[in-house]
Each structure stands twice: as structure tokens, then as C-alpha cells.
Amino acid sequence: MGEVIVVTSGKGGVGKTTTSANLGTGLAVAGHKVVLVDTDIGLRNLDVVMGLENRIVYDIVDVTSGNCRLRQALIKDKRFENLFLLPAAQTKDKNAVTPEQMRELAAELKQEFDYAIIDCPAGIEQGFKNAIAGADRAVVVTTPEMSAVRDADRIIGLLEAAELSNPKLIINRIRPQMVKRGDMMDMADILDILAIELLGVVPEDESIIISTNKGEPAVMDHNAKAGEAYRRITRRIRGEQVALMNLDVPEGLMDKLRKLVGLR
Amino acid sequence: MTRTEHLSIKGTRDGLVLYLDPNVEFQIVLDELKHYLGESSQFLQGATVRCYAGERGYNAEELQALTSTLASYNLELSGWLKAAEVYGKTTRPSDVEREKGDESMAEGNCLFIDRTLRSGNSVQYEGHVVVLGDVNPGAEIISTGNIVVLGALRGVAHAGASGNRLATVSAYHLIPTQLRIADLLTRAPDGEDTWRGPEIARVKEGQLIVEGLAGMTWKGSLR
Chain A
1 MGEVIVVTSG
11 KGGVGKTTTS
21 ANLGTGLAVA
31 GHKVVLVDTD
41 IGLRNLDVVM
51 GLENRIVYDI
61 VDVTSGNCRL
71 RQALIKDKRF
81 ENLFLLPAAQ
91 TKDKNAVTPE
101 QMRELAAELK
111 QEFDYAIIDC
121 PAGIEQGFKN
131 AIAGADRAVV
141 VTTPEMSAVR
151 DADRIIGLLE
161 AAELSNPKLI
171 INRIRPQMVK
181 RGDMMDMADI
191 LDILAIELLG
201 VVPEDESIII
211 STNKGEPAVM
221 DHNAKAGEAY
231 RRITRRIRGE
241 QVALMNLDVP
251 EGLMDKLRKL
261 VGLR
Chain B
1001 MTRTEHLSIK
1011 GTRDGLVLYL
1021 DPNVEFQIVL
1031 DELKHYLGES
1041 SQFLQGATVR
1051 CYAGERGYNA
1061 EELQALTSTL
1071 ASYNLELSGW
1081 LKAAEVYGKT
1091 TRPSDVEREK
1101 GDESMAEGNC
1111 LFIDRTLRSG
1121 NSVQYEGHVV
1131 VLGDVNPGAE
1141 IISTGNIVVL
1151 GALRGVAHAG
1161 ASGNRLATVS
1171 AYHLIPTQLR
1181 IADLLTRAPD
1191 GEDTWRGPEI
1201 ARVKEGQLIV
1211 EGLAGMTWKG
1221 SLR
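Protein chains in written order, with the working numbering: chain A, 1 to 264; chain B, 1001 to 1223.
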């Protein structure tokens, strides 16, 4: 019996889809049978990030409304045999699926897969309700910005109300240098407000943009810092105890010069 | 306040007040009083009592019975209250306000919340509210009584929402988005969120002020 994990955030643009793609790929690399489910109906992205856009024939709405069988809609990843994508429909809206249908779908996926990673749309309306309906646990993604943290707090409250308790937190796009200067919220500030367990911290990394555009999740890139962060997150999802990534930045030449001249 | 069918006793700053139902026979009230005092005389020993029975007058015999009943439980009848003193609008409004304060701020219904209130949560309650947790930005508490938060109060709190300026808001870490007591409103100063110890907000001379609770003599903190 597999596990259904929903990746959610409330606010848009904090990295739900990127996290879903990397988490799913990471788990597949580790040998698990994984399905990624895009529930952002009407604004689908996960297929693009995974580089599978041109293979879509059927989508999630076709499955829930009985137009096709689940197996027909699942797209096999181009890199991993044991990784699949269930894409969202692009021409429908969030009301095309009901929470009840999502629960049935989740139950079916659990029979077949070790992990089902559900990419939740932004917002707290129908799409969110659908995405969390069949989930066993939740991962909340936020960035070190007040607005994203507010929304994450609201989402955690809604998850608790839906009896999806103990959600785990991923802090995405943290910039260690800005934190050091005191210009960005640090982990402690965020955890102080949200008070939930930290699953991982992902540093801001240009390679994410490159990998997203190429359709190749960064978790496979062993030179990318964000890739390393996602590999650690993947291991924690599997239940391993892994230390947080060291985000300390080595002093640059300019820092050393400044210190020499006594500017700091 | 303790209440039986035709009798109620309330503790105030100036001793006990005994409310007698003016609409029933004196003997019924007296029997209830005897029964009640018999159960709780230990607790009430030696207090002075003032009585109130609306506009009803008791005759000398009845008064004597009342006084001696009270005396037999070591209680002294120190006088009768007028309707105006009980219901307010006397020549000394400040005293009445204090009385009302005792009534509504030091006791009453209370709601305990044993979790953190997150953004989007709203609690509205007639009475006092105690939160064993934080109140995050985007969450709100509206109460007619006091609000006590044992964690950090970062959201919106409105105490004394029905207009009672005697209400207070206290928190282990008081950094509200906005704080309201009765009809007054304030917000935390910008950029000041370092912990200064537990604090209490209340109305003093028409101003909403915040004081540290550490090292404070607790007496009268609820007035």
C-alpha cells in the first residue's frame, strides 16, 4: 500500500511544481514506483517541468469522468521506468473534478504505486480541496517572504481542519547571503511562526531555472546546490535522518577585501 | 455569583451582596437562605452583607428574622442597597463602574483554546478567552471579556468588544497586528518585535497603554 503526499503552499510561485517534480524524481531514483499527479487543472505545468508535455493524450479529468482507464492516462517518464505522470487537463477548470473523485483516484493509485505526489494549485478554493482530498500527508512549501509565510500559515490551518495533521515544511529559495546580512527572514523566524517540522531548506539556485526550462529535474544534477537539497529532502521523506544542508557561503574576494580595508 | 432559586450571593469589593427575590414569600427566601448558609457557612464566616430586594419592603418581624439568621452564621447585615446602586446611575458613577468591572472582568464565562490560532481562524466569544498557544497574523479573537495568550499574540485581538473599557489583553509576547479594547484601537510600533517579557494592554485615562507584567505587583492587574 503506497502513500499519497500533497505538495501545497497557498501562495503561487513559491515552488510547488518544482518541489513535486524533484521529490517524485528523487524517490524514483531511489527505486520507488512513483506517480506525479498534477491537479492544477486549467494551468498545468508539471508536464512541462518534467519535459513530457508532448506525450499527453488523456488527462486527470478523462480518468475521473470515466473517458479512459487510469493506465491509459499515465505517462511514463523519459528517464525512469518507475516514474509516471498523471497530467492535469488544460481546457477544463477546477470544478471538473470533485473531492470524492479524488479520494477514489488516490485509493486506486495507492494500490499501484509506492508514492503518489500530488501537485496542488495555488489558492484555497476548489482546486486545493480536490488536491488534499485523497492525501495521507502534506508538504507545505514556502519562501522566506512574509506574504508566503502568511499563506503557508493559513494552509496549515486548513490542513489541520481537514485532519491532515503534522504537515512538513520546505523553505524554498533561501539566499544565505541575504540572511547573513539580515535582509531576509531566516529559518528560525519562519519556524517561530509556523511551528511545524522542517523537512528541508532549498537555496536559491539558477540551475533550477535552467533545469525547469530543459524539463530535467535538478535533483539529478549533482553540481547544483538545489539538487543536493532535494536529494536530502527525498531521503527524509523516506524516513532517513539527514542533517540539514550547510548553506554557509564561503567568503568571496570582495568580502575579504572589505574586511581588510575595515569596511565591515 | 452563587444562585439558588430565589436568592443569589455575590462577592464585591465592599463585602457580600445578597439578592432576595422580591416576588416570593419571605419565608421561602428565608428557608433557602438557611439552607444555603448551612452548606457554605465556613466559606462566608465573618463577612458583612448588604441586601437587595428590589422595591419590596420587609416588616420589622421579617427584618429581625433575617438579621438573626445571618448573625447565627456570623454574618453581619450592614445595610440595604437601593435599586440605583445595583443597576448603576448613582451620584458616584466611578464606583458603579468599578462594581461592574468586578462583575464582568474578574469572573464570567471563559473559553480555553489549546492550540495555535493560524491565519484565517476567528474566535468570537462572550466572556474571556485564554489561548494556550500562539495567535498568528491573520487570526483574530473577539471577546467581550479579557484575552490572555500564553504564546505570541501576532494577530488581531479585540477585548471588551461590547464596549467594556475595563477589559485587558495580555500575552507572553505581545506583538499584535492590531489591538482593540472596547472602542479604542492601537497597533504595535513598527519594527519592534523583540521580546520584552509578558505584557498587558489596558485602558488608562482613555488611552490604550501597554505595560510589562514582569515585576509587576499582580494585585489589581484586572482592576
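Glycine included, every Cβ here is placed at the ideal spot set by N, Cα and C.
The contact set of T1116(B) on chain A, defined by CB atoms closer than 8 Å, consists of A195 in chain order. Within chain A, no residue has its CB atom less than 9 Å from the CB of P1198(B), the nearest being about 17 Å off. Within 7 Å of the CB of G157(A), the CB atoms of chain B belong to R1118, S1119, G1120, N1121, in sequence order along the chain. In the displayed model, V1017(B) falls within a strand according to three-state DSSP.
Taking a contact to require three or more Cβ pairs closer than 8 Å, the stretch 1152 to 1169 of chain B and the stretch 1180 to 1191 of chain B qualify as touching.
Contact between the stretch 17 to 30 of chain A and the stretch 229 to 240 of chain A is established, with three or more Cβ pairs separated by less than 8 Å. When only Cα atoms are considered, G1133(B) and R1196(B) end up about 18 Å apart. In this structure, the beta-carbon distance from A1171(B) to L1153(B) falls below 8 Å. When CB distances to chain B are screened at a threshold of 7 Å, the residues of the stretch 170 to 195 of chain A falling below it are I193, A195, in chain order. The three-state secondary structure of T1186(B), taken from DSSP, is strand. Here N1121(B) is buried. Its C-beta has 16 or more other C-beta atoms within 10 Å.
The beta carbon of A1047(B) lies closer than 7 Å to those of G1015, L1016, L1075 in the same chain, with the five residues before and after it left out.
Bounds of the alpha helix (DSSP H) holding N130(A) are 126 to 133.
Straight across, the Cα-Cα distance linking A73(A) with V219(A) is about 25 Å. Taking a 10 Å sphere around the C-beta of I1028(B), we find fewer than 16 other C-beta atoms and assign the residue as exposed.
Within chain B, no C-beta atom comes less than 8 Å from the C-beta of D77(A); the nearest is roughly 36 Å away. Contacts with chain A at 8 Å (Cβ-Cβ) include G1138(B). Nearest CB-CB separation between R150(A) and chain B: below the 8 Å threshold. In the structure shown, the three-state DSSP call for V149(A) is helix. Beta-bridge partners of P203(A) (DSSP): I174(A).
Per the coordinates, the alpha-carbon of L1037(B) lies some 51 Å from the alpha-carbon of S165(A). Separation of M146(A) and T1177(B) (C-alpha to C-alpha, rounded to the nearest whole angstrom) is 13 Å.
The closest CA to that of R55(A), considering only L70(A), S20(A), K76(A), is found on K76(A).
With fewer than 16 other Cβ atoms inside 10 Å of its own Cβ, D1114(B) counts as exposed. Inclusion of A106(A) and G134(A) in the CB contact set at 8 Å is warranted, their separation being smaller than that value. Note that the C-beta distance between R154(A) and R1118(B) is below 8 Å. A direct Cα-to-Cα measurement between P99(A) and A131(A) gives close to 8 Å.
Look at K1034(B) here: in three-state DSSP terms it is helix. A direct Cα-to-Cα measurement between P1137(B) and L1063(B) gives close to 59 Å. Taking one beta carbon from each stretch, the stretch 108 to 118 of chain A and the stretch 156 to 165 of chain A have fewer than 3 pairs nearer than 8 Å; the two do not touch.
Here the alpha carbons of G2(A) and L109(A) stand approximately 8 Å from one another. Around R154(A), the beta-carbon contacts reaching into chain B at under 8 Å are R1118, S1119, G1120, G1138. DSSP places L1007(B) in the strand class (E or B) of the three-state scheme. Around the beta-carbon of C68(A), fewer than 16 other beta-carbon atoms lie within 10 Å, marking it exposed. Inclusion of D1190(B) and I1175(B) in the CB contact set at 8 Å is not warranted, their separation being larger than that value.
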